[in-house]
Amino acid sequence: MINLQNKSPRLLVIGDLMIDQYLWGSCERISPEAPVQVINIDRESTVLGGAGNVVNNLKKLGAQVDVISVVGNCEISNELTNLLSDIEVDTKYLITQKNRISSKKSRIIASQQQVVRYDRESSDDIDIESQNTIIETFNKIVKDYEVILLSDYGKGVLTNQLTQSLIN
């Protein structure tokens, strides 16, 4: 075991990045179109989720963190990149895969109670080209890190084949 106490270790996180969005509001009436609440949104917050939450927590603990992941060619990916940049995490190891949707989980909260959550995401396995790019990148940089974390949220980045290759 490596003793990382009182150090600023270099860690590499590989896994499913996502965004957690929270829409906070209040309900004061029922919709005339259907028997559902009408929520008036007062504020919104957007934070890193999934492996991104792991990265954020490690940064807050003082670690030097890099991340390898696959994102889609979509607006959500731009949000992810901005959120990572905001916490000074380099995005050079993010791989863009065409026709993939990056994950965003949106929660509507009224009077401190979660009313509904809706997701925009793909949980399909990443393509072979992206898997190969991750393996090539990993093999080039693995010696630069004291700790490697695999953060699997079932969104397709850590396929069985890729995970086995990384472990070996």
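Counting from 2, one number per residue, gives the positions in the sequence shown under this note's numbering. Positions of the beta carbon are idealized from the N, C-alpha and C atoms, including for glycine. From a predicted model like this one, the values you see are computed outputs, not experimental measurements.
How many whole angstroms separate the CB atoms of VAL71 and ILE96, which I take to be in contact at a CB cut-off of 8 Å? By 1-based counting over the sequence shown, the position of residue 71 is 70. By 1-based counting over the sequence shown, the position of residue 96 is 95. That belief holds up - the Cβ atoms of VAL71 and ILE96 are roughly 5 Å apart, short of 8 Å.
Quick test of the definition: if touching needs 3 or more C-beta pairs under 8 Å, does the segment 48–63 touch the segment 18–30? Between the segment 48–63 and the segment 18–30 there are three or more inter-stretch CB-CB distances shorter than 8 Å, so the stretches are counted as touching.
Beta-carbon spacing of ARG108, GLN115 below 8 Å: For the purposes of this step, residue 108 is identified with residue 107 of the sequence shown, where counting begins at 1. For the purposes of this step, residue 115 is identified with residue 114 of the sequence shown, where counting begins at 1. Against a cut-off of 8 Å, the Cβ pair of GLN115 and ARG108 comes out as a contact.
Kindly indicate which three-state DSSP category GLN132 falls into: helix, strand or coil? As a first step, residue 132 is located in the sequence shown; it is residue number 131 there, counting from the start. GLN132 sits in a helix when the DSSP states are folded into three classes.
Apply the 10 Å Cβ neighbour rule to LEU84 and answer buried if 16 or more other Cβ atoms are within range, or exposed otherwise. As a position in the sequence shown, residue 84 is number 83, starting the count at 1. Burial call: buried.
Can you say whether ALA35 is buried or exposed, counting buried as having 16 or more other CB atoms within 10 angstroms of its CB? Translated into positions along the sequence shown, residue 35 becomes position 34. So ALA35 counts as exposed.
Using C-beta distances below 6 Å, list every residue in its chain close to LEU150, excluding the 5 sequence neighbours before and after it, in chain order. Position 149 of the sequence shown, counted from the first residue, corresponds to residue 150. Contacts found: VAL14.
Given GLU89 as reference, the closest of ASN79, SER78, ARG101 and ASP67 once Cα atoms are compared: Looking up residue 89 in the sequence shown gives position 88. It is ASP67.
CB-CB under 8 Å to ASN100, same chain, minus the five flanking residues each way: which ones, in chain order? Counting from one through the sequence shown, the residue named residue 100 turns up at place 99. Closer than 8 Å at the Cβ level, and outside the excluded window around ASN100, lie GLY73 and ASN74.
Using the DSSP secondary-structure output, state which residues sit across from GLN162 in a beta bridge. In the sequence shown, counting from the first residue as 1, residue 162 sits at position 161. Looking at the DSSP assignment, GLN162 forms no beta bridge with any residue, so it has no partner.
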